Each structure stands twice: as C-alpha cells, then as structure tokens.
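Sequential numbering of the sequence shown, starting at 1244, is according to the numbering used here.
Heads up, the thing below is written out as structure tokens.
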Amino acid sequence: MRVGVLTSGGDAPGMNATIRAVVRGCLYYGMEVFGIHQGYEGLLNDEFEPMQKSSVADIIHRGGTILQTARSDEFMTDEGKLKGYERLKIHGIDALVVIGGDGTLNGGLRLHELTRMPVFGLPGTIDNDLAYTDFTIGFDTSINTVLSAIGNIRDTSSAHGRTTIIEVMGRHCGDIALHAGLAGGAETILIPEKPFDIDDIAAKLLAGKERGKKHSIIIKAEGVGMSSEELAKKISDITHAETKVVVLGYIQRGGGPTARDRILASRTGVRCVELIREGVTNAAVGIKGDTIVDYPLSVALAMEKNVHFDYQRICDILL
Ligand code: F6P
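Written out as structure tokens, the structure reads:
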C-alpha cells in the first residue's frame, strides 16, 4: 500500500504536525508514503518525494508546511484532476490524503468521483469553516494569536481613549472573529454571516462612553460587506471618537501550533491512516466533542455550518 500526502490552499499552524502523523502512521502500519510538494499544483508538476520517519523529524512544533502549499487553477478543472490522477498512478499511489480547507477537500472529492481514487481529507485551515468538524487544525492557534494582538491593542487603545477596529481573517466564516472577540472582551463582533446596523454599534459605543468607558474594541471579519476604513469613518462621524483600524493579516496564519492543534492533528492523522488500512474509499476526518469522527467526503462537505450567533449575544451581556 502506498499513500500520497499533500497540503493545499492557505497554510495553517498544525499542518506539519498533521503531515507527521500521516507519515509516521503509515510507516507504523507498514505502508509506504510519498509527500507531494506544492499541493495540487505539485501533483500536476510531479513533485513527489518518498518520506521516511526522519523526513518529519522536528516539525511537530513548526508553523507553515514542509510540503509547501499552493492554489492551483489547473487542478480546479476536471481535465486537471484527470492529469493529477495520471501522476498518482505513475507513482503507484493507492490513496491520497489532502490537508486543507473547503476548497482542498472539495477538490479531493471531485477527484474521487471522477477516478475512484481513494481520497481522504484532513481539516487544515485557520478559518474553521468546515461544518463536519467542531474545529479545524490551525484554528486554535490562530485565535490565540489574535487574542495576544487584542491584548496589545487594548493597552494602546485605552491609553489614547480610542475605538479600534481589529480586522481578522474569514472571508465567508466569522468563527475567528466570534471566538477571539468573545475571549478578548470585544464590544462588538461583526461577521459575514449576519448583517449589522451601524446605528446599533454607535449606540453601544456611546452608551459605553456615558458609563465612563475609555475605549472600545470592535472585532470585524474581513468578509463583512463594508471595508474597515469606511466603517471607522462612519463610527467616528457618529460617535466623535477617534477610530483606528488594525488589519492583522497573515500573522494569524503563522507561528507554532498550540497543544490543542497538535493533538487534533495527531489524532485525525492517525485515524485517517487507519481508515485507509480498513479499506474505506474516501472520508473526511474531524472532531465532534472529544470524539474523532469521519464521514464520506460528499456527506461531510454537504453539512451546514453551525454559526455561534450566541457568542455575539453573550458579548452584549458582558459589555
Ligand atoms: O487560510 C484561509 C485564509 O486565511 C482566509 O481567511 C483568507 O481570506 C485567505 O486565506 C487569504 O489567503 P491568501 O492571501 O494566501 O490567498
């Protein structure tokens, strides 16, 4: 049995720990394993490397991905996927493990549908936008990075009596904003899944000022349908408070993974190898509660995400 493994799409802390779990899990069960560099793009360009135990030594604590990652336009097409399948056959790959987010796992599902190649998805993304799993690998690290930034910004925002809008990642999914916002004691959390009313936000800020609040933090996901600069201008026009914007950007994707992400990576990676061994033909592996779960890819990817709107309500109660 020979397994291929790749990382694709945006990188996430814990991808290395996931690669390590898949490689060492395969070797433990007597399977061969090949790393494919540069995601699906590297699959098309034949970037295969046989992996040994030592290939994944000393990476459990490192951010990024030793296999590197890419976004491939060619692989998005069915022709691209058939070409990728040819490369897998040439290298004698019996099962492919893809580590990434929604796009990566959907690409894997389509590859499986077109060719019957066994494909397994592991949820590596900071976005936490995969409905079949409570948490994706990298999400916990990312929200802790955001929390530490909120702490620093809170100090200076309070010293100057400002309102600060902190823009976090999440084009379609507000989970980073919801979790970091609640944990960071934000006044307001804005997410792409729910429209907001600027007058409500301003009223909350003004009420806070009345109570003697010196400064305010607003956490806004990047996918919210108004630019942070425009929002800042509108808020400062209404409240007359100096309003700054901080875009956290890629620092949210870097850094060594937290214990939680390393454990999730190790557990899902080993489970994935065991599913391959059991003869399952395709699956997405994740976590529900504290249980490692797996579903056929098509089932996992059709699930609807449970958005924690309640986090916004709790935030309001705790203002
Ligand atoms: O990894 C997911 C994500 O970080 C999104 O939240 C973000 O919008 C996107 O990737 C940006 O990634 P890139 O600029 O690398 O395409």
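Built from N, CA and C at the ideal position, the CB exists for glycine as well.
In this text the structure is predicted, and so the values were computed from the model without any measurement.
Can you tell me where the beta strand (DSSP E) holding Val-1516 begins and where it ends?
From DSSP, Val-1516 is part of no beta strand (DSSP E) but of the alpha helix (DSSP H) over 1502-1520.
Contacting residues, own chain, Cβ-Cβ under 8 Å from His-1334 (five flanking each side not counted)
The answer, listed in chain order, is Arg-1245, Gly-1247, Phe-1277 and Phe-1291.
Check Ile-1434 in the structure and name its three-state DSSP category.
Reduced to three states, the DSSP call for Ile-1434 is coil.
From Val-1362 to Gly-1344, what does the alpha carbon distance come to, in whole angstroms?
If I take the Cα positions, the gap works out to 14 Å.
Gly-1253: beta carbon under 7 Å from a heavy atom of the ligand F6P?
Yes - the ligand F6P has a heavy atom lying nearer than 7 Å to the Cβ of Gly-1253.
For the candidate residues Ile-1462, Glu-1521, Asp-1442 and Val-1467, whose alpha-carbon lies nearest to that of Leu-1491?
For the options Ile-1462, Glu-1521, Asp-1442 and Val-1467, the alpha carbon positioned closest to that of Leu-1491 is the one of Ile-1462.
C-alpha distance - Ile-1408 paired with Ser-1471, whole-angstrom precision
Using only the alpha carbons, I get a separation of about 7 Å.
Kindly indicate which residue of Leu-1339, Asp-1443, Ala-1445 and Ile-1419 has the alpha-carbon position closest to the one of Ile-1393.
Comparing Cα positions, the closest option is Ile-1419.
Beta strand (DSSP E) segment containing Tyr-1272, residue limits:
Premise fails: Tyr-1272 is in no beta strand (DSSP E) and is neither H nor E.
Distance check for Thr-1347 and Asp-1372, CA to CA, integer angstroms please.
Per the coordinates, the alpha-carbon of Asp-1372 lies some 12 Å from the alpha-carbon of Thr-1347.
Whole angstroms is fine: what's the gap from Asp-1254's alpha carbon to Thr-1384's?
If you take the alpha carbons of Asp-1254 and Thr-1384, they lie about 12 Å apart.
With C-beta atoms as the reference, is Ile-1460 less than 8 Å away from Ala-1423?
It is not a contact, given that the beta carbons lie outside the stated cut-off.
Assign Phe-1378 to one of three DSSP states: helix, strand, or coil.
Correct three-state label for Phe-1378: coil.
Should Gly-1306 and Gly-1498 be called a contact, given that it needs their Cβ atoms to be closer than 8 Å?
Yes, they are a contact pair.
Is there at least one non-hydrogen atom of the ligand F6P closer than 7 Å to the beta-carbon of Thr-1308?
Set against 7 Å, the gap from the CB of Thr-1308 to the closest heavy atom of the ligand F6P is not smaller.
Checking the sheet assignment: what are the DSSP bridge partners for Ser-1459?
Ser-1459 is bridged to Thr-1406.
Got a sec, what are the start and stop residues for the alpha helix (DSSP H) Phe-1363 sits in?
Note, Phe-1363: premise wrong, no alpha helix (DSSP H); beta strand (DSSP E) at 1362-1366.
Give the DSSP-derived three-state secondary structure of Leu-1373 in the structure shown.
Reduced to three states, the DSSP call for Leu-1373 is coil.
Provide the residue span of the alpha helix (DSSP H) that contains Tyr-1283, from first to last.
That run of the alpha helix (DSSP H) goes 1282-1287.
Hey, is Met-1319 close to the ligand F6P, as in C-beta under 7 Å from one of its heavy atoms?
No, since every heavy atom of the ligand F6P falls outside the 7 Å radius drawn around the Cβ of Met-1319.
Could you tell me whether any non-hydrogen atom of the ligand F6P is closer than 7 Å to the CB of Thr-1261?
The answer is no for Thr-1261.
Is Glu-1465 near the ligand F6P, judged by its Cβ being under 7 Å from some heavy atom?
Checking the Cβ of Glu-1465 against the ligand F6P gives yes.
Closer than 6 Å by C-beta to Ala-1374: which residues in its own chain qualify, once you throw out the five before and the five after it? Chain order, please.
Around Ala-1374: Met-1546, Glu-1547 and Lys-1548.
Work out the CA separation of Arg-1263 and Ala-1300 for me, nearest whole Å.
Linking Ala-1300 to Arg-1263 through their CA atoms gives a straight-line distance of about 8 Å.
Top-ranked residue by Cα proximity to Val-1513, from Leu-1249, Met-1319 and Arg-1267:
Of the listed residues, the one whose Cα sits closest to Val-1513 is Arg-1267.
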